[in-house]
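Peer 1: I'd like to ask some things about the structure below.
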Amino acid sequence: MRLISIGYQLLDPDGQFGESTSRAIGRFQSLRGLRVTGTLDKNTWDTLVEAGYSLGDRMLYLKSPMFRGDDVAELQARLGSIGFDPGRVDGIFGERTSRALIDFQENVALHPDGFCGKETVTELLRVFGRSPEHVHWVKEREYLRSQTKTLSELLVAVTNSGEAEVPAEAISQRLHVEGVHVQTHSDTDRSALALLANRMNADVAIHLEIGEGDSFIGFYSGYSYVSPRGRTLAELLANELNLTLSTNKVSVIGLAMPILRETRMPAIVISLDSAVTWVKNLPEIAESVLVALSLFSKPVDLSV
C-alpha cells in the first residue's frame, strides 16, 4: 500500500511479497540512495514511511525524536533556495532547520514560533524559487575553497559496526602518528554512531564496512542534495586506493544510509569487497586514508 501510494505499480496479489514487490523496492532503494537489495530492511521501511509525507500534511516543529520525512526535506529545500540555511537537505527537522524556519518567519512578518503550519507553508510557496542553488551547498563549496585547518588540527571519528574493528584501529593509529586527533567507535546501530560523531563535534567521520563483492566509497546524497565536502573526500580517497590496491576498482557513490545522512560533518563510508581485502592491504589502506585527509585539509580548486 505504501509503494502504491507513492506511484509504484505492483502485480503481486495483495498481501504477498513477490517478484513485483521486490523489484519495486529495488527501484525505490536506488532512487533513495539506499543499497539496492530488493528486500525490506528497517532502513528501507523507515525511508518508505518518510516518503509518504508531503509539505503541509502535518505541523512540523523541533521535537524529540525529530520529525523525518519528505515534507521536512521539501521545507529544507525551499528555505535554502531563498537564503535561509537549514543545513543539508536530509529530511530531518533539527536545530538548524528550526532556526532557519524562525528566521524566515521573522522576514515575512509571521509569528516566529518555529512551527511550520498552513500559514508558513503558504508563504514558502509564494516566495520559493529565488535562487537555483541551496545556500548550504554554496557554503560547503566555499568552505572547500578557503578551509584553513591543518591535518593536525582535524578531529576525526573512525567508526565501524563491529566487523571492522581491526582496520579501524590500524587507521586510527596511522592518523595518530601524524598528529591527527582521532576517536574510534564501534556499534551495530549506525544511527548511534552518527550521534557519537556529532557529540564529539568531529570535523570528519569515516565509517568502515566489509562489503559483499564490490568496493566503494560512499558520501551523502539524498533528496536531490549532494554533500560537496563528502563527495570531495570520497573522490580523493578512491583515487588513492585505486592507485594502491590490486583488487577490483573502488567506485564512488552517493548514499543516504544513516551514518552519512545523520552526521553533521563531512562523512564517508569505506566498504571493501571482503575481509581478505582489508587484512591483506591494511597498511596501504591506512596510508591512503592519511594522504586523502592531508589533501582534503587544504583548499580545493573546484574549477579544475
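Its first residue numbered 0, the sequence shown is counted upward by one per residue in numbering that gives the first Met the number 0.
Just so you know, even glycine gets a beta-carbon here, dropped at the ideal spot from N, CA and C.
These numbers come from a predicted model, not from an experiment.
(1) Give every residue of the same chain whose Cβ lies closer than 7 Å to the Cβ of Leu-281, excluding the five residues on either side of it in the sequence, and list them in chain order.
(2) Taking its Cβ as the centre, do 16 or more other Cβ atoms sit within 10 Å of Ala-204, making it buried, or is it exposed?
(3) Between which residues of its own chain and Ser-185 is the CB-CB distance below 6 Å, once the five residues before and five after are set aside?
(4) If you reduce the DSSP assignment to three classes, tell me which class Glu-261 lands in.
(5) Within its chain, find whatever has a CB closer than 6 Å to the CB of Arg-95; leave out the 5 residues flanking it on each side and keep chain order.
(6) First and last residue of the beta strand (DSSP E) that includes Ala-50?
(7) Looking at the secondary structure, which residues open and close the alpha helix (DSSP H) in which Tyr-142 lies?
(8) Among the candidates Gly-221, Asn-197 and Leu-154, whose CA atom is the shortest distance from the CA of Gly-178?
(9) Could you tell me the distance, in whole angstroms, from the CA atom of Gln-182 to the CA atom of Asp-45?
(10) Determine the direct distance from the alpha carbon of Ile-91 to that of Thr-119, and round the result to whole angstroms.
(11) In whole angstroms, give me the CA-to-CA distance for Tyr-224 and Val-134.
(12) Whose C-alpha, out of Gly-6, Ser-29, Ile-5 and Phe-295, is nearest the C-alpha of Asp-151?
(13) Based on DSSP bridge pairs, tell me the residues matched to Leu-254.
(14) Tell me whether the stretch 133-148 and the stretch 240-251 touch, counting them as touching only if at least three CB pairs, one residue from each stretch, are closer than 8 Å.
(15) Within 8 Å, do at least three Cβ pairs link the stretch 66-84 to the stretch 6-23?
(16) Classify Gln-182 as helix, strand or coil using the three-state DSSP reduction.
(17) Val-275: which of Arg-98, Leu-10 and Asp-213 sits nearest, CA to CA?
(18) Is Phe-215 buried or exposed, if buried means 16 or more other CB atoms sit within 10 Å of its CB?
(19) State the start and end residues of the unbroken alpha helix (DSSP H) segment that holds Leu-175.
(20) Helix, strand or coil: how does DSSP classify Glu-211 here?
(21) Buried or exposed: which applies to Glu-141, given that a residue is buried once 16 or more other Cβ atoms fall within 10 Å of its Cβ?
(22) With 16 other CB atoms within 10 Å as the buried threshold, where does Ser-287 fall?
(23) How many Å lie between Ser-293 and Val-176 at the Cα?
(24) Starting from the Cα of Arg-263, find the closest Cα among Ile-252, Tyr-222, Leu-194 and Asp-272 and give me that residue.
(25) In chain order, what residues of the same chain have a beta carbon less than 8 Å from the beta carbon of Met-58, not counting five sequence neighbours either side?
(26) So Ala-99 packs on Leu-78, CB below 8 Å; how close in whole Å?
(27) Give every residue of the same chain whose Cβ lies closer than 7 Å to the Cβ of Gly-68, excluding the five residues on either side of it in the sequence, and list them in chain order.
Peer 2: Here's the rundown:
(1) Start at 1 with the first residue of the sequence shown, and residue 281 comes out as number 282. Result list for Leu-281: Pro-166 and Ala-169, in chain order.
(2) Here the question's residue 204 lines up with position 205 in the sequence shown. Ala-204 is classed as buried because its beta carbon has at least 16 other beta carbons within 10 Å across all chains shown.
(3) For this step, residue 185 is matched to residue 186 along the sequence shown. These residues qualify, in order along the chain: Asn-159, Gly-161 and Glu-164.
(4) Taking the sequence shown and counting its residues from 1, the one referred to as residue 261 is at position 262. The answer is coil: DSSP assigns Glu-261 none of H, G, I, E or B.
(5) Residue mapping note: residue 95 aligns to position 96 of the sequence shown, counting from 1. Within its own chain, the residues whose Cβ lies closer than 6 Å to the Cβ of Arg-95, once the five positions on either side in sequence are excluded, are Pro-85 and Gly-86, listed in chain order.
(6) Within the sequence shown, residue 50 is the residue found at index 51, counting from 1. No beta strand (DSSP E) contains Ala-50, which DSSP labels as neither H nor E.
(7) In the sequence shown, the residue the question calls residue 142 occupies position 143. Unbroken alpha helix (DSSP H) run through Tyr-142: 134-145.
(8) Start at 1 with the first residue of the sequence shown, and residue 178 comes out as number 179. Minimum Cα distance to Gly-178 is reached at Leu-154.
(9) Mapped onto the sequence shown, residue 182 falls at position 183. Mapped onto the sequence shown, residue 45 falls at position 46. Roughly 29 Å separates the two Cα atoms.
(10) Within the sequence shown, residue 119 is the residue found at index 120, counting from 1. Within the sequence shown, residue 91 is the residue found at index 92, counting from 1. If I take the Cα positions, the gap works out to 18 Å.
(11) In the sequence shown, the residue the question calls residue 224 occupies position 225. In the sequence shown, the residue the question calls residue 134 occupies position 135. Cα to Cα, the separation comes out at about 11 Å.
(12) Within the sequence shown, residue 151 is the residue found at index 152, counting from 1. It is worth fixing the name first, because residue 151 is Ser in this sequence and not Asp. Residue Phe-295 holds the alpha-carbon nearest to the alpha-carbon of Ser-151 among Gly-6, Ser-29, Ile-5 and Phe-295.
(13) Within the sequence shown, numbered from 1, the residue matching residue 254 stands at position 255. In the DSSP output, where bridge partners are listed per residue, Leu-254 has Tyr-219.
(14) Verdict: no, contact absent.
(15) Because the criterion of three Cβ pairs below 8 Å is not met, the stretch 6-23 and the stretch 66-84 do not touch.
(16) One-based indexing of the sequence shown puts residue 182 at position 183. It is a strand residue.
(17) What you label residue 275 is simply residue 276 of the sequence shown in a count that begins at 1. Nearest to Val-275 by alpha-carbon distance, out of Arg-98, Leu-10 and Asp-213, is Asp-213.
(18) On the sequence shown, residue 215 is found 216 positions in, with the first residue counted as 1. Burial state of Phe-215 is buried, judged by a 10 Å Cβ sphere holding 16 or more other Cβ atoms.
(19) Reading the sequence shown from its first residue, position 176 is the one you call residue 175. Note that residue 175 is His in the sequence shown, not Leu. His-175 -> alpha helix (DSSP H) spans 164-176.
(20) If you number the sequence shown from 1, residue 211 lands on position 212. Coil.
(21) In the sequence shown, residue 141 corresponds to position 142, counting from 1. With fewer than 16 Cβ atoms within 10 Å of its Cβ, Glu-141 is classed as exposed.
(22) For the purposes of this step, residue 287 is taken as the residue at position 288 of the sequence shown. By the C-beta density criterion, Ser-287 is buried, having at least 16 other C-beta atoms within 10 angstroms.
(23) Reading the sequence shown from its first residue, position 294 is the one you call residue 293. Reading the sequence shown from its first residue, position 177 is the one you call residue 176. Between the alpha carbons of Ser-293 and Val-176 lies a gap of roughly 13 Å.
(24) Residue mapping note: residue 263 aligns to position 264 of the sequence shown, counting from 1. Restricting attention to Ile-252, Tyr-222, Leu-194 and Asp-272, the CA atom closest to the CA of Arg-263 is found in Leu-194.
(25) If you number the sequence shown from 1, residue 58 lands on position 59. Answer for Met-58: Phe-114, Cys-115 and Gly-116, listed in chain order.
(26) Position 100 of the sequence shown, counting from 1, holds the residue named residue 99. Position 79 of the sequence shown, counting from 1, holds the residue named residue 78. Contact between Ala-99 and Leu-78 is confirmed by a C-beta separation of about 5 Å, below the 8 Å threshold.
(27) For the purposes of this step, residue 68 is identified with residue 69 of the sequence shown, where counting begins at 1. Take Gly-68, set aside five residues on each side of it, and the residues of its chain with a beta-carbon closer than 7 Å to its own are Glu-49, Tyr-52 and Gly-90, in chain order.
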